[in-house]
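Visitor: In short: position in the sequence shown from 1, add 4, done, that's the numbering used here. Each residue gets a CB set at the ideal place from its N, CA and C atoms; glycine is no exception.
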Amino acid sequence: MRIVSVLFWVILSNYADRVFTQTCNATYPYSRCSSNLDCGCLPLTRSGNGGICAYLNVPCTDLIPCENDNRTCTEVRQVCVKHSRCQNIPLCYPLDMIHPNLCPPTTFRPSSSGSNNDLCETTTWQQQGITILGTNSTQPIWDPYDDDEFFVDVDETIYIVDNRNDQVIKWKNWNSPGEIVAGNGSYGSANNQLGSPNSIAIKKDGTIFVCDAGNYRVQRWYKNAQQGQTIIDNIYCTSLALDQEESLYIGSPGLIIKWPGNQIVAGGNDVGTKLNQLGYFPRIFIDQNQSIFVADEGNRVVKWTIGAREGIVVAGNNKAGNDSNQLNGPRSVFVDQMENVYIADTKNQRVVRWLKGLSSGTVIVDLKITDQYFDPISFSFGRNGNLFVLDKYIARVQMFTIDKNTCARG
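1. Might you give, ordered along the chain, the residues of its own chain that have their beta carbon closer than 6 Å to the beta carbon of Asn322, omitting 5 neighbours on each side?
2. Is it the case that the Cβ atoms of Tyr284 and Pro257 are separated by a distance below 9 Å?
3. To the nearest angstrom, how far is it from the Cα of Val158 to the Cα of Pro69?
4. Quick one: what does DSSP say Gly138 is sitting in, helix, strand or coil?
5. Between Ser193 and the rest of its own chain, which residues show a CB-CB distance below 7 Å, the 5 nearest in sequence each way excluded?
6. Within its chain, find whatever has a CB closer than 6 Å to the CB of Ile136; leave out the 5 residues flanking it on each side and keep chain order.
7. Could you have a look at Leu331 and say whether DSSP puts it in helix, strand or coil?
8. Taking Cβ to Cβ, would you say Asp349 is nearer than 9 Å to Pro380?
9. Give the DSSP-derived three-state secondary structure of Cys37 in the structure shown.
10. Specify, as a first and last residue, the run of the beta strand (DSSP E) that Lys208 falls within.
11. Alpha carbon to alpha carbon, how far is Phe213 from Lys86? Give it in angstroms, no decimals.
12. Apart from the five residues on each side of it in sequence, which residues of its chain come closer than 6 Å, Cβ to Cβ, to Cys64?
13. As a quick exercise: from Ser363, Val80, Glu343, Val337, pick the residue whose alpha carbon is nearest that of Arg354.
14. Would you give the residue range spanned by the beta strand (DSSP E) that Asp395 belongs to?
15. When you compare the stretch 282 to 298 with the stretch 226 to 244, are there three or more beta-carbon pairs, one atom per stretch, that lie closer than 8 Å?
16. Spatial neighbours of Trp129 within its chain, please: C-beta separation below 7 Å, excluding the five flanking residues on both sides.
17. Compare the C-alpha of Gly232 against each of Gly187, Trp263, Ile206, Gln248 and name the closest.
18. Could you compute how far the alpha carbon of Cys77 sits from the alpha carbon of Ile56?
19. Report the rounded CA-to-CA distance for Cys37 versus Gly365, giving the unit in angstroms.
20. Is it buried or exposed for Lys176, if we count other Cβ within 10 angstroms and need 16 for buried?
21. Between the alpha carbons of Val62 and Cys96, how many angstroms are there, rounded?
22. Here's the rule: buried if 16 or more other CB atoms are within 10 angstroms of the residue's CB, otherwise exposed. What is Arg313?
23. Whole angstroms is fine: what's the gap from Val80's alpha carbon to Cys45's?
24. From the DSSP output, which residues share a beta bridge with Asp300?
25. Taking the C-alpha atoms as reference points, what is the distance between Gly255 and Asp237?
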C-alpha cells in the first residue's frame, strides 16, 4: 500500500516564497509517494511523521547540513530533511527537487486503501493465499455477514466492519487481538452505538466515517473517540469513499451523494439498470480525477465523470455469468493510475482485472483454487502491491503475494 499524499502549499519560515508540493507519511522513509519511481518520501525535521515527496537522485555531495536548530537552511529555496542514505544529520534539500511536476502524485485510494505504484497491466499474484486474520490464523475475529467490509491503511493496519456485531475493529498487529474503534458491540442508536454498519472510509488523521445502515445515518468518529457524531441522517447508506480532497461520497439506493453539500453526483433517477440509473446497493470508488466507479447488482461497473448525467460501462453489463466478458455479483471495485479496473467478482469466486477500454477481463486470482468455499466480498491492495481479500464464508482475510518480476519498468 502506498504512502498517502496530498497536494498543499508549503510556506517556509525563512523566506516568503510559496512552494506547491505534496506531503507524505514519513513513517516509512523513502517509501513511494509518486508515479515517478525515482521519487520517495523524505521526513521533514520539524513535523513528526510528516514528509515531502522528493526526487531522490540528488548527489549526496550536493547537500549541505541544516542550521544548528536542525530546522532551517541558510540557502533560500531549500528545506531541512532527514536523509540517512547520505548522512545521519539533517540536510538541506533543494525545493526544485520536490515539485509535483517532477514527482506527480499517485492515485488516491482512501475508501479501500491500497497502493497501485507496483501495479501494471501484466502484474500477477501468487494463487495460493496466506490467512493473516481469522480462521486458520492466530486470530478468530468476527461473525461474517453479507455486509462486512474492510479497509487497509498506509501502514497495513486492517479495519473490518463487523456488521453482525455492530462495531468496527482495528488490527494494528495481525498477530494480536483487535481493537474496537467504533461502536460498542451492541445494536443501538445512541452516539456510542452502531446498528448493522456496512462500510467505512478513513481520513489521513484517523477520523472514521461509518455507514450506520440500520440507523439510517452516516456517523463520524474522530480518532480515539468514545462516540460518534451524526453528519447525515434519514439515509440508507450502502458504501462510502473519500476523494483526494477528502470530500465524502455516500452510496445509497439509486444514487451517490457528495458531502459536505449533500449534492447528488451520480444516479438520482430511481433504482434501475439504465445508464442514468444505479442499483439498490452501489459500491463505489473515487479516482484521482474525482470520477466515480460504481459496482452494482446490474453485474457491471459504471464510471461517472464530474458533471455527467449518465455513466459509462467499463466492465460487465452482460447477463450474469463466468465468461471473460461477464460478472456475477460484483461487490468491490478498485481503479489504478492507468484506469484499469479491479473487481471482486463475488459469485464467481474470483478477482478480475479489466484493462481500460477492453470489453472483457482476466482473472488475477481464482479463489476456487484457494478454497472451494471462498466468498470474496471486499479486497484491497497493500503497500507493496500484495492483494488482501476478505472472505465472508469462513471469516478470514487472506493475502496473495505480488510477483514484482511481472512488471517491466523502463
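Guide: Working from what's here:
1. Translated into the one-based positions of the sequence shown, residue 322 becomes position 318. Here the set comprises Asn329, Gln330.
2. Here the question's residue 284 lines up with position 280 in the sequence shown. Here the question's residue 257 lines up with position 253 in the sequence shown. Yes, the pair counts as a contact, with Cβ atoms nearer than the cut-off.
3. In the sequence shown, residue 158 corresponds to position 154, counting from 1. In the sequence shown, residue 69 corresponds to position 65, counting from 1. Taking the CA atoms as reference points, Val158 sits about 30 Å from Pro69.
4. Translated into the one-based positions of the sequence shown, residue 138 becomes position 134. In the structure shown, Gly138 sits in a strand (DSSP, three-state: E or B).
5. Within the sequence shown, the letter at position 189 stands for residue 193. Counting only Cβ-Cβ distances below 7 Å, and skipping sequence neighbours, we find Gly199, Asn219.
6. Along the sequence shown, read from residue 1 onward, the residue named residue 136 stands at position 132. In chain order, Trp178, Val401, Met403 place their CB closer than 6 Å to the CB of Ile136, counting only its own chain and leaving out the 5 sequence neighbours on each side.
7. For this step, residue 331 is matched to residue 327 along the sequence shown. Note: Leu331 maps to coil in three-state DSSP.
8. Translated into positions along the sequence shown, residue 349 becomes position 345. Translated into positions along the sequence shown, residue 380 becomes position 376. Here Asp349 is near Pro380, since their CB atoms are less than 9 Å apart.
9. By 1-based counting over the sequence shown, the position of residue 37 is 33. Assigned with DSSP and collapsed to three states, Cys37 falls in coil, not helix or strand.
10. What you label residue 208 is simply residue 204 of the sequence shown in a count that begins at 1. Where Lys208 is concerned, there is no enclosing beta strand (DSSP E), because DSSP gives it neither an H nor an E.
11. Residue mapping note: residue 86 aligns to position 82 of the sequence shown, counting from 1. Residue mapping note: residue 213 aligns to position 209 of the sequence shown, counting from 1. Using only the alpha carbons, I get a separation of about 34 Å.
12. For the purposes of this step, residue 64 is identified with residue 60 of the sequence shown, where counting begins at 1. Cβ neighbours of Cys64 beyond the five flanking positions: Cys90.
13. Taking the first residue of the sequence shown as position 1, residue 354 is located at position 350. Comparing Cα-Cα distances from Arg354 to each of Ser363, Val80, Glu343, Val337, the minimum goes to Val337.
14. In the sequence shown, the residue the question calls residue 395 occupies position 391. Segment 391 to 395, the beta strand (DSSP E) holding Asp395.
15. Taking 8 Å as the limit for Cβ pairs, the verdict is that the stretch 226 to 244 does touch the stretch 282 to 298.
16. Locating residue 129 in the sequence shown gives position 125, where the first residue counts as 1. Contacts found: Ile368, Val369, Leu391, Phe404, Thr405, Ile406, Asp407.
17. Looking up residue 232 in the sequence shown gives position 228. By alpha-carbon distance to Gly232, the top candidate from Gly187, Trp263, Ile206, Gln248 is Gly187.
18. As a first step, residue 77 must be located in the sequence shown, where it is residue number 73. As a first step, residue 56 must be located in the sequence shown, where it is residue number 52. Between Cys77 and Ile56, the C-alpha separation is close to 16 Å.
19. One-based indexing of the sequence shown puts residue 37 at position 33. One-based indexing of the sequence shown puts residue 365 at position 361. About 28 Å.
20. Translated into positions along the sequence shown, residue 176 becomes position 172. So Lys176 ends up on the exposed side.
21. In the sequence shown, residue 62 corresponds to position 58, counting from 1. In the sequence shown, residue 96 corresponds to position 92, counting from 1. Near 11 Å, if we compare the C-alpha coordinates of Cys96 and Val62.
22. Residue 313 sits at position 309 when you count from the first residue of the sequence shown. Classification of Arg313: exposed, given that the 10 Å Cβ count is below 16.
23. Within the sequence shown, the letter at position 76 stands for residue 80. Within the sequence shown, the letter at position 41 stands for residue 45. Those two C-alpha atoms are separated by around 21 Å.
24. Locating residue 300 in the sequence shown gives position 296, where the first residue counts as 1. Arg304, per the DSSP bridge assignment.
25. Residue 255 sits at position 251 when you count from the first residue of the sequence shown. Residue 237 sits at position 233 when you count from the first residue of the sequence shown. Roughly 14 Å between the two C-alpha positions.
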